[in-house]
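Notes for the one structure printed next.
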Amino acid sequence: MGWLDRVEDQVDALRRARALQEASRSAEACALLDRVIRTTDDPRARADALVQRLSALINLGRTAEFTRAVEEASAAVRDLAEPYLHGHLNALAALAAHHQGALDRCVTHLVRAARALGADDDPDRDTAWGWHDLAMAYSYLSFHGHALGAIERSRQVGLTAGIPEETFAAPGIRLRNAVALDHNGDSDGCLRVLRDVAGDLSRFLRSGRAGNLRPSSLAAYGYAAARRAALGDRVDSGGDADPASLLGHGGDSARARDLRQLGQVCLAVGEGRPIEAVARLDTIRVSDETLGAAEAPQLRSVALARAGDHAAAHRADRHAFRLAAQRSDRLRDAYIDGIAARIDHEEMRREAARYEGEALTDPLTGLPNRRRLERYIGAVVARGERVVIGVCDLDGFKAVNTRHGHHSGDLVLQRIAGVINRVMRRGDFVSRYGGDEFVVVLPETGMAEAAEVARRIQAAVHTEDWESLVPGTPVGVSIGFAEVDGGTGVSVREALGAAFELADREMLRAKDRLRAC
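Here numbering that gives the first Met the number 0 is used: position 195 in the sequence shown is 194, and no number is missing along the way.
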């Protein structure tokens, strides 16, 4: 039994939306899905429609709507025990995060998507499309080996479900692999891959199966041919393999529009009109995510070299190489951040395991919660030990929730928890007090040492890459410390309450000083 067999409402509309997206008519699909979302009471139908709608928005390049669409789809899918749905959602969320520049979030969704789709023990045509979208996400992130593996899995599942092989030809995956080789100085390797792509199209044309190719695939075949022409390969015009005609396919896909514009530049170079190609590059606007930020400057280098301006061509080539290197650096940093976050999480889990189970642990961050904090401080004060508490309140957190949504807000809280936990000293205690407020406890510590701890926390938060996680909304932290006075005649609760009140006032003063700057 496939996924849609378990959906009880508006199944025909959901199938129609799928067919529209396969035909690169995502705007029509989006309108149809909006109607399903407004009118259905079936949680499965609503979840499917929201996941499909996210796919349509990505195809249309409506980046500003990605965050809310991911949140709404996640909320609808959360309580449905359906591996396909979770896998497909995470594959699409990875694509959305990549287009938003949030590479660490993208990698997290990729891992979750692969695990969920791999756990589907009843794969059908929808699962095949889930693997297809995961392959696309891998490809856009330049994980070309993973992309090829995922698209092969898509073909295998699709063939079992009766989907023709050529539906999942996915020439765009190898196209992105080819241009990445050129961006890094291997033009010969680029041409070899592009010629292989052309060979596949010829095979489909000879066998009469080209009619099953998706419009977006035809546009990718067209760009592959145009790119070969720009690199000096002889490309036949006219007929079914004519690059200009192929570039006209792709419907309302934002990526297909980018391929058409860049393809016209390639054809101008290949047809001996390099100055026109440079002029076109000066006027077009394409997404860096379609073929990488280095593609436009690389084409400029090729065109300028054909025009005889070798000095300018060299500068453009170096610029393209630097952009490609920056992308590699960002991927490396995303992995390093991911490993650091995993280590932080493991340490917090080990710390939380010492306590009395989930009742004493904050489920979002893995830190001890308010109840455990009060017990811990009470025990320290009862032993007569000197102790300082610090109240840490986030700056800019309201803007994160307003602009990016609560899902991104949760990610910020998780990262802040890891950052604070990472810079604390051995024996210090960290807890989430509630909302965006954290409390640190420093046993056997004076106020001078507490000030140094505050500086370390603020420096660590300041150096985090918030721009990649929540673009345009910087995050900071204000901290106030106070010593707990457990003197004679004062109960633990009274001493603790007085210290919290004083630390909170100091935190608010720090926030006021920040606003005055």
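Ideal Cβ placement from N, Cα and C applies to all residues, glycine included.
Own chain partners of residue i with C-beta closer than 7 Å, once the 5 adjacent residues on each side are dropped
i, result
"Ile456", "Cys391, Ile419, Val422, Val476, Ile478"
"Arg15", "Leu31"
"Leu174", "Val196, Ala219, Tyr222, Ala223"
"Ala149", "Trp130, Leu133, Ala134, Tyr137"
"Ala502", "Ile388, Gly389, Val390, Gly479, Phe480, Ala481"
"His97", "Cys105, Ala136, Tyr139, Leu140, Glu288"
"Leu363", "Asp409, Leu412, Gln413"
Own chain residues within Cβ distance below 8 Å of residue i, not counting five before or after
i, result
"Gly433", "Arg369"
"Gln20", "Ala28, Gln51, Ser54, Ala55, Asn58"
"Glu463", "Arg414, Val418, Val474"
"Glu373", "Leu495"
"Gly171", "Met135, Ser138, Ser215, Ser216, Ala219, Arg254"
"Gly184", "Phe320"
"Val6", "Leu13, Asp41, Arg43, Ala44, Asp47"
"Ala311", "Leu303"
The alpha helix (DSSP H) enclosing residue i, as first and last residue numbers
i, result
"Ile283", "Where Ile283 is concerned, there is no enclosing alpha helix (DSSP H), given that its DSSP letter is neither H nor E."
"Val50", "42–59"
"Glu71", "65–76"
"Arg546", "Because the chain in this structure spans residues 0 to 516, residue 546 falls outside the shown range and cannot be described."
"Glu482", "Element bounds for Glu482: not the alpha helix (DSSP H) but the beta strand (DSSP E), 475–482."
"Ile172", "170–182"
"Ile36", "25–38"
"His98", "82–98"
"Arg15", "10–21"
"Val301", "294–305"
"Asp125", "124–139"
"Val380", "369–381"
"Thr159", "143–159"
"Arg226", "214–229"
"His248", "Segment: none, His248 is in no alpha helix (DSSP H) and carries neither H nor E."
"Leu366", "Counting along the chain, Leu366 falls outside any alpha helix (DSSP H), and DSSP gives it neither H nor E."
"Glu466", "465–468"
"Thr107", "102–117"
Delimiting residues of the beta strand (DSSP E) encompassing residue i
i, result
"Ile456", "Element bounds for Ile456: not the beta strand (DSSP E) but the alpha helix (DSSP H), 446–462."
"Val439", "436–442"
"Leu393", "386–394"
C-beta contact flag for residue i and residue j at 8 Å
i, j, result
"Ser54", "Asp251", "no"
"Leu79", "Pro42", "yes"
"Leu212", "Ala168", "yes"
"Pro296", "Val386", "no"
"Phe142", "Ala95", "no"
"Pro122", "Val76", "no"
"Leu410", "Arg104", "yes"
"Val178", "Gly291", "yes"
"Ala253", "Ser216", "no"
"Ala93", "Ala112", "yes"
"Leu193", "Asp239", "no"
"His145", "Ala319", "no"
"Asp119", "Leu3", "no"
"Val440", "Tyr375", "yes"
"Glu164", "Arg152", "no"
"Ala160", "Ala127", "yes"
"Val483", "Val380", "yes"
"Leu266", "Ala243", "yes"
"Val264", "Leu298", "yes"
"Leu102", "Ser467", "yes"
"Gly207", "Pro470", "no"
"Leu258", "Gly269", "no"
With 16 other Cβ atoms within 10 Å as the buried cut-off, status of residue i
i, result
"Glu355", "Residue confidence for Glu355 is low, a pLDDT of 48 falling below 50, so the modelled location carries little weight; the figure read from the coordinates is stated next. Result: exposed."
"Arg504", "exposed"
"Asp33", "exposed"
"Leu412", "buried"
"Leu513", "exposed"
"His405", "exposed"
"His309", "exposed"
"Asp511", "exposed"
"Gly288", "The sequence as given places Glu at residue 288; Gly does not occur at that position. It counts as buried."
"Asp11", "exposed"
"Met506", "buried"
"His313", "exposed"
Cβ-based neighbour list, residue i, same chain, cut-off 6 Å, excluding 5 preceding and 5 following
i, result
"Arg402", "Thr472"
"Phe537", "Because the chain in this structure spans residues 0 to 516, residue 537 falls outside the shown range and cannot be described."
"Asp8", "Thr39, Asp41, Ala44"
"Ile335", "Note on Ile335: pLDDT 49, under 50, position unreliable in the model; the coordinate value appears next. There are no such residues."
"Ile338", "The pLDDT assigned to Ile338 is 48, lower than 50, so where the model puts this residue is not dependable; a value taken from the coordinates is nonetheless given after this. Correct list: empty, nothing qualifies."
Within-8 Å CB hit, residue i to chain B
i, result
"Arg272", "Judged by its chain identifiers, the structure shown contains no chain B, having just a single protein chain."
*Give a yes or no on contact between the region 222–235 and the region 183–198, applying the rule of three or more CB pairs nearer than 8 Å.*
When C-beta atoms of the region 222–235 are compared with those of the region 183–198, three or more pairs fall below 8 Å, so the two segments count as touching.
*Is the region 267–277 close to the region 298–314, with three or more CB pairs under 8 Å?*
Enough Cβ pairs lie closer than 8 Å, so yes.
*asked:* Below 8 Å, how does it come out for the region 65–83 and the region 375–386: are there three or more Cβ pairs, yes or no?
replied: no
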